[in-house]
Each structure stands twice: as C-alpha cells, then as structure tokens.
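>
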Amino acid sequence: MHSILIVEDEAIIRSALRRLLERNDYQVSDAESVDLALQQGDLNQYDLIISDLRLPGRPGTDLIELAQGTPVLIMTSYASMRSAVDAMKQGAVDYIAKPFDHDELLASVREFIDKHSLQPEPPKSAQDTHLQTPASVEPPAGQEADDAPGVTYIIGKSPPMRELLRRIGKVARTHATVLIQGESGTGKELAARAIHQLSPRAHAPMISVNCAAIPDTLIESELFGHEKGAFTGAVNSHNGLIEAADGGTLFLDEIGELPLDAQARLLRVLQEGEIRRVGSVTPRQVDIRLIAATHRELKLLTRNGKFREDLFYRLYIMEIRMPPLREREDDILDLAHKFLLRTCDRMGCQTPTFSQASLQAMRLYPWPGNVRELENAIERAVIMSEGDLITPELLSLDMPHSDAHSNANTATRAPAPKTTPRQSLEAYFQQFVEEHQDQMTETELAKQLGISRKTLWERRQRLGIPRSNR
Numbered sequence: 004m005h006s007i008l009i010v011e012d013e014a015i016i017r018s019a020l021r022r023l024l025e026r027n028d029y030q031v032s033d034a035e036s037v038d039l040a041l042q043q044g045d046l047n048q049y050d051l052i053i054s055d056l057r058l059p060g061r062p063g064t065d066l067i068e069l070a071q072g073t074p075v076l077i078m079t080s081y082a083s084m085r086s087a088v089d090a091m092k093q094g095a096v097d098y099i100a101k102p103f104d105h106d107e108l109l110a111s112v113r114e115f116i117d118k119h120s121l122q123p124e125p126p127k128s129a130q131d132t133h134l135q136t137p138a139s140v141e142p143p144a145g146q147e148a149d150d151a152p153g154v155t156y157i158i159g160k161s162p163p164m165r166e167l168l169r170r171i172g173k174v175a176r177t178h179a180t181v182l183i184q185g186e187s188g189t190g191k192e193l194a195a196r197a198i199h200q201l202s203p204r205a206h207a208p209m210i211s212v213n214c215a216a217i218p219d220t221l222i223e224s225e226l227f228g229h230e231k232g233a234f235t236g237a238v239n240s241h242n243g244l245i246e247a248a249d250g251g252t253l254f255l256d257e258i259g260e261l262p263l264d265a266q267a268r269l270l271r272v273l274q275e276g277e278i279r280r281v282g283s284v285t286p287r288q289v290d291i292r293l294i295a296a297t298h299r300e301l302k303l304l305t306r307n308g309k310f311r312e313d314l315f316y317r318l319y320i321m322e323i324r325m326p327p328l329r330e331r332e333d334d335i336l337d338l339a340h341k342f343l344l345r346t347c348d349r350m351g352c353q354t355p356t357f358s359q360a361s362l363q364a365m366r367l368y369p370w371p372g373n374v375r376e377l378e379n380a381i382e383r384a385v386i387m388s389e390g391d392l393i394t395p396e397l398l399s400l401d402m403p404h405s406d407a408h409s410n411a412n413t414a415t416r417a418p419a420p421k422t423t424p425r426q427s428l429e430a431y432f433q434q435f436v437e438e439h440q441d442q443m444t445e446t447e448l449a450k451q452l453g454i455s456r457k458t459l460w461e462r463r464q465r466l467g468i469p470r471s472n473r
C-alpha cells in the first residue's frame, strides 16, 4: 500500500483529504506544519507528499529539499498561483488549485506515485522545470504588474473568473489547440499569454497576430512567409510569423477575419505540422501550439460559408469563454482601483478617490466595451479631474434608464439602453446606435460606446446598420 503525507494547517481540508485518499486505498499520515512533519520521521518513507503552499512557520516548498527525492505536490489557492509556479521551479512535481476536483487530485496522485515507484529521482532543478514564466490572478501585495516584465496578471475573484482560471490552469499543461471566445475588450490576449506562460513552451516565443489588421493580400505572406520573386516587390525571402513561432505558441487574434484561402493553409499546419512559403514548392516542418481568439460566433460563420467547418473543428478542441465585465460585478471595483493607481503612476500625478456615486455608477453600468472601456473611462477621468474626487460626470458613463440609476449619474447625456447579462455586445451596439444616431454625430456615438470612429464604421458595415439620413 502506497503511503502519502499530507501537510495542511486547516483541519477541515486536512481531514477531508485524508478521508478521500484512505477511501482509495492509500496509507495516509498528516501534519499541520513542516516542523511537525519532520518530527514524524524520515520523509523518504512516503511515496508522495501533498503540502499546502502557505503553512505556519515554514512554507511547504521547504519540503522539496527536505524530502530528498520524494515527489511533492503543492496545493494553492487561485490568488497564490504565481507562487505555486515558483514552487515548481524549485522542484515541486506539480500544483493543484483549491478548491480542487477530487478526480483531478486522485489522477495526479496516481501519476506521481507511479513515476516515483518506477524510477525514484532527485527533485528537479529550476533549469529542468518546464514552467519558466508565471501567470497569476493578481500581483503580490505591494507589487505592480508592470514591475515584472513578461509576467501576465489576470485580476478577478468572481465565480466566472475562478472558473476561467481553473480552465486556463488545466489546458496550459497540455499542447492542445485552444479557441478563446468573448466580446471585445474582455482580455482574450491576456488569457492567451497566461496559457503560454504556464505551458511547457513558456521558454519559447509567443507570436501574436491580429488577423483583422493585416490586408487580405498580405495575410498569407505574413503568416507563411514567401520566397524571393514570389510576387512583385518580393526582393528577398521572408520568414513568416508561423515559422517565427516554431517551438512556441502562435496566437491568432480575430481568427474569424482570416480569408478562406489562408484558412485552408492554416488547416494543413494543424494537420501535418508543416508550412509552405508563398512561391515555394518545398514544405517546412514547424512545431507550434495554436491559440486562436475571436469575438464572433465561428459556428454561425461556418453555416454562412465564411469560415471552414473543418478548421473550426480543428480549433474547437479546447474552448475558453471570456466572461463579459457585466457578468463580473464583484471584479469591477477591484479593476477600477487597479487602473486608477496604474494611470496615476504613469502620469506622475496624485491619486484621486472615487466618489460613492462613481462606485455605484461603475457597478450599474453594463460596460459594452468591457475591461478596455473601464480602463479608458478611468484614464479619461484622471485627465479631466481637477480635484481629489472622481465623479460620475468625469467617467462619462451613460447609465440605463432607471430611477435607481438617476442618482448615480446626474450628467445630462443620452442614456444607453438597458442590457441583460445574456445580451450580446453586438445586440447592445445595434440598439444603442439605432436609438441615438438621430441625435448624435458619429464622433459622439463612438465616444459613448468607448470605441474609435473607424471601429464604429466597421461594425456598422458588418451588422448592416445604415447611417441616419438626418
């Protein structure tokens, strides 16, 4: 019978974990701290040690060196994910986030006990671990995200964000293709970077490509490269962005805008692991992990013939949906304070405070532009502020019609239509534009929506919303 040591200072968790393992035929010992674990005898007598990261007296990571070869599995909360990844650099075999899934935990226990039984080996050094760059829910206390280049922080403790972080943690350990879907401004690229930084490819580059920003005539050359003389102006051979991502991660943002011809070539990359430069007859092998993102419904595009169905199913191996900000009410004020501090630090000005009316307005506003709109609103408010208080007027939020909202924002502005948590961004956009375009200019509409005039025009074209004849 395999023996396991649990080191956990919370009695309820320690007891529940012990019962779970004993029901699965493991011999279990437990301790409340590293020092008490040492008093129970040689740590090498165990096949596996499961330890909380934060313990009284000494951290659980001390067991990695003290165990001298016995695998150590670290338990951590979501808010400590960065420290958990650091623990893996020190030699922990893995980490598991609380509250953990029983089946996931048991699978990890079986995996590491089997490995240890077959071939005991010393702990991995920092150079051996495959996780080089951590991602975390938020920066450690006293440290800004900008203080640590290359580290991605995802701020959020609401239930939708906890589920998102759980899925990111699970998929990051694999090499599976990931499709990230969500409205504009929800942080799809941030999630992609977190997946890369937590993956076995973290030491290699992540190449980000916005498919909507490259003209159709250049997209194949940019992605796949071209040979000298392949077309007019091709005076030299050119490595494509896919080749640049060899060994690492390729992030294709707005993949729904990729032309059909380029979709066919991308499908071959996923199926065969090879590319062929424009103008070349010789294929080249590449090893990439693809993460794609879009704010559009790809399934609907496949029905309309605008997106290849075979490519869709190659992308749809692992889906991650980014929750819109209106479904993350518990995170709005945390994000607002974070953006306020960051903006004032960047501008070198004193940090004002939000009035109670501003805090209420931010919680009630539907945020059609999501996190990006919130950040822009706060930056605008800081620029316009002349005192030490940020009022709803400075945030320039158009509140939905409601008596409860009227006190939160007294500015005489055109109110935005109500949205429900399930209303899509495009539905909100269309409703807002159609209701207010007779009274507002295009510049005013774009400002109210938190987007540029170019984006407003593009969405009008895509959704078929004609301009007013006024």
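Per the working numbering, residue 4 is the first one in the sequence shown, and the count goes up by one each step. Beta carbons: idealized from backbone N, C-alpha and C, even for Gly.
#1: Identify every residue that forms a DSSP beta bridge with Glu322.
#2: Under DSSP, the alpha helix (DSSP H) around Arg306 begins and ends at which residues?
#3: For my contact list, Lys191 and Asp264 are in at a C-beta cut-off of 8 Å; report their separation, rounded to the angstrom.
#4: Rounded to whole angstroms, what is the Cα-Cα separation between Lys341 and Ile335?
#5: Taking the C-alpha atoms as reference points, what is the distance between Met2 and Gly236?
#6: Taking the alpha-carbon of Val37 as reference, which of Leu314, Arg324 and Glu68 has the nearest alpha-carbon?
#7: When the Cα atoms are used, what is the spatial distance from Asp28 to Met4?
#8: Would Val75 be called buried (16 or more neighbouring beta carbons within 10 Å of its own) or exposed?
#9: Give the DSSP-derived three-state secondary structure of Lys101 in the structure shown.
#10: So what does DSSP say about Asn379, is it helix, strand or coil?
#11: Does the beta-carbon of Tyr368 have 16 or more other beta-carbons within 10 angstroms, so that it is buried, or is it exposed?
#12: With Arg324 and Gly259 assumed to form a contact (beta carbons below 8 Å), what rounded beta-carbon distance in angstroms separates them?
#13: With DSSP as the reference, label Met164 as helix, strand or coil.
#14: In chain order, what residues of the same chain lie with their CB nearer than 6 Å to the CB of His133, ignoring the 5 residues before and after it?
#15: How big is the Cα-Cα spacing for Lys457 and Leu168?
#16: Pull up the distance between the alpha-carbon of Arg17 and that of Lys173, whole angstroms please.
#17: Give every residue of the same chain whose Cβ lies closer than 6 Å to the Cβ of Glu35, excluding the five residues on either side of it in the sequence, and list them in chain order.
#18: Cα-Cα, which of Ile7, Leu377 and Asn239 is closest to Pro327?
#19: Ignoring anything shorter than 4 residues, give me the alpha helix (DSSP H) runs that lie fully in the region 201–233, in order along the chain.
#20: Once the 5 residues before and after Arg349 are set aside, which same chain residues still bring their CB inside 6 Å of it?
#21: Report buried or exposed for Ser455, applying the criterion of at least 16 other Cβ atoms within 10 angstroms of its Cβ.
#22: State yes or no: is the C-beta of Leu182 within less than 7 Å of the C-beta of Leu39?
#23: Can you give me the C-alpha to C-alpha distance between Gly185 and Gly232, rounded to a whole angstrom?
#24: Should Asp249 and Asp313 be called a contact, given that it needs their Cβ atoms to be closer than 7 Å?
#25: For Tyr316, count the other beta carbons within 10 Å of its own beta carbon; 16 or more makes it buried, fewer makes it exposed. Which is it?
#26: Pull up the distance between the alpha-carbon of Val112 and that of Phe103, whole angstroms please.
#27: Going by DSSP in three states, Val281 sits in which element: helix, strand or coil?
#28: I need the straight-line Cα distance from Lys436 to Leu452, nearest angstrom please.
#29: Please report the straight-line C-alpha distance between Thr297 and Ala215, rounded to a whole angstrom.
#30: Under DSSP, the beta strand (DSSP E) around Phe254 begins and ends at which residues?
#31: Could you tell me the boundaries of the alpha helix (DSSP H) in which Asp337 lies?
#32: Would you please state the rounded distance, in angstroms, between the beta carbons of Gly251 and Glu225? I believe it to be under 8 Å.
#33: Can you tell which of Thr394, Leu261 and Ile198 has its C-alpha closest to the C-alpha of Lys309?
#34: Here's a check: name, in chain order, each residue in its chain whose Cβ is nearer than 6 Å to the Cβ of Ala175, leaving out the five neighbours to either side.
#35: Would you give the residue range spanned by the alpha helix (DSSP H) that Gln71 belongs to?
In short, the structure shows the following:
#1: Leu182
#2: Leu301 to Arg306
#3: Actually they do not touch by this definition, with Cβ atoms about 25 Å apart.
#4: 10 Å
#5: Because the chain here runs from 4 to 473, residue 2 falls outside it and cannot be looked at.
#6: Glu68
#7: 7 Å
#8: buried
#9: strand
#10: helix
#11: buried
#12: Not a contact, Cβ separation roughly 15 Å.
#13: helix
#14: Bear in mind that the predicted position of His133 carries a pLDDT of just 31, short of 50, making it unreliable; the figure below should be weighed with that in mind. Same-chain partners within the cutoff: Pro203.
#15: 33 Å
#16: 23 Å
#17: Asp12
#18: Leu377
#19: 219–227
#20: none
#21: exposed
#22: no
#23: 40 Å
#24: no
#25: exposed
#26: 13 Å
#27: strand
#28: Residue identity check: residue 436 is Val in the sequence provided, not Lys. When rounded, the distance between both Cα atoms is 9 Å.
#29: 10 Å
#30: Thr252 to Asp256
#31: Glu332 to Met350
#32: Contact doesn't hold; Cβ gap of about 17 Å is too wide.
#33: Leu261
#34: Ile198, Leu201 and Ser202
#35: From DSSP, Gln71 is part of no alpha helix (DSSP H); its letter is neither H nor E.
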